[in-house]
């Protein structure tokens with residue numbers, strides 16, 4: 176029997192071979208204990224990084240609050256592009272968004288929340304490393320060869336999604352929603368807690384959304400989707416992405432395009448990944 180035909184053990188266990196003995200196999204409780212140690216290390220690293228972030232309050236909040244300033248880099252880039260396109264009427268106004276605090280302990284709790292969120296973001300590479308290390312023993316040898324590439328791709332896509340939010344989605348949303356008025360007599364006073372909640376939620380959400388190609392890889396490897404199926408529903412996916420983008424971003428053509436294009440590109444990448452996986456499986460089947 177070939178190695179690829181050998182049964183898998185539970186996640187975090189060892190793949191049985193003729194050289195393995197019964198003592199090398201882990202029980203269910205051993206797996207739980209190992210998972211507990213993995214989670215404890217992840218929490219410890221996240222807390223340590225969060226404490227480091229907490230100590231650099233001025234620098235951290237200068238970056239977090241930068242999108243509320245009228246001269247933020249993204250606004251300058253967008254205005255420059257709009258001028259080149261001749262869309263001067265759509266220029267983003269050079270106005271700051273004023274944030275207020277209405278609760279006694281809100282600023283301190285905001286400091287803690289932002290520190291923990293950024294700590295988790297910065298700990299993402301270590302989190303991925305630990306989780307892949309936990310499941311790697313349960314993979315076949317041919318799957319292990321690709322595990323390092325997948326791990327790097329997961330980390331890169333996550334940070335790409337976070338960057339997409341910081342430089343595009345969040346600033347544009349803040350500028351539109353923070354300056355939108357139903358009547359000139361109604362003045363916007365944005366609470367700090369609302370700003371931070373939106374920032375942290377969108378950062379984590381976009382980091383996860385950008386993992387769609389990785390999800391497509393695993394679904395394709397499990398035989399749940401195929402490249403041809405994804406391609407067949409390409410138009411449906413585009414419409415769904417546009418509708419979802421319209422809910423996240425301000426309702427104008429330019430910002431809708433800024434959101435839709437990257438997300439649809441992820442869908443196309445998912446199609447390519449699924450097709451490439453299918454070709455690889457066909458090649459392996461021919462070799463057998």
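Residue numbers (the numbering used here): 176 to 463. Where a beta carbon is used, it is the ideal one built from N, C-alpha and C, also for glycine.
Quick one: is residue i buried, meaning 16 or more other Cβ sit within 10 Å of its Cβ, or exposed?
i, result
"residue 348", "buried"
"residue 231", "exposed"
"residue 226", "exposed"
"residue 302", "buried"
"residue 327", "exposed"
"residue 239", "buried"
"residue 277", "exposed"
With H, G and I counted as helix, E and B as strand and the rest as coil, what does DSSP make of residue i?
i, result
"residue 367", "helix"
"residue 405", "helix"
"residue 279", "coil"
"residue 266", "coil"
"residue 240", "coil"
"residue 305", "helix"
"residue 255", "helix"
"residue 400", "coil"
"residue 202", "coil"
"residue 229", "helix"
"residue 419", "helix"
"residue 353", "helix"
"residue 411", "helix"
"residue 358", "coil"
Report yes if the CB atom of residue i is closer than 8 Å to the CB atom of residue j, and no otherwise.
i, j, result
"residue 290", "residue 333", "no"
"residue 319", "residue 311", "yes"
"residue 294", "residue 357", "no"
"residue 386", "residue 329", "yes"
"residue 309", "residue 210", "yes"
"residue 377", "residue 345", "yes"
"residue 325", "residue 388", "no"
"residue 274", "residue 370", "yes"
Just list the residues that DSSP pairs residue i with in beta bridges.
i, result
"residue 274", "365"
Compute every distance between the C-beta of residue i and the non-hydrogen atoms of the ligand NAD, then say whether any falls below 7 Å.
i, result
"residue 445", "The ligand NAD is absent from the structure shown, which contains no ligand whatsoever."
Does chain C have any CB closer than 8 Å to the CB of residue i?
i, result
"residue 235", "Note that chain C does not occur in the displayed structure, where there is just one protein chain."
query = Per the contact definition of three or more C-beta pairs closer than 8 Å, is the stretch 398-417 in contact with the stretch 256-276?
reply = Touching, no, given that fewer than three Cβ pairs across the two stretches are closer than 8 Å.
message = For the stretch 256-268 against the stretch 390-399, do three or more pairs of beta-carbon atoms, one drawn from each stretch, fall closer than 8 Å, so that the two count as touching?
response = Output reads no: the stretch 390-399 does not touch the stretch 256-268.
request  = Determine, using beta-carbon pairs with one atom in the stretch 372-387 and one in the stretch 328-344, whether at least three such pairs fall under 8 Å.
outcome  = Proximity of the stretch 372-387 to the stretch 328-344 meets the contact definition, three or more beta-carbon pairs being nearer than 8 Å.
query = Do the stretch 436-455 and the stretch 406-415 make contact, defined as three or more Cβ pairs closer than 8 Å?
reply = Flag = yes, the stretch 436-455 and the stretch 406-415 touch.
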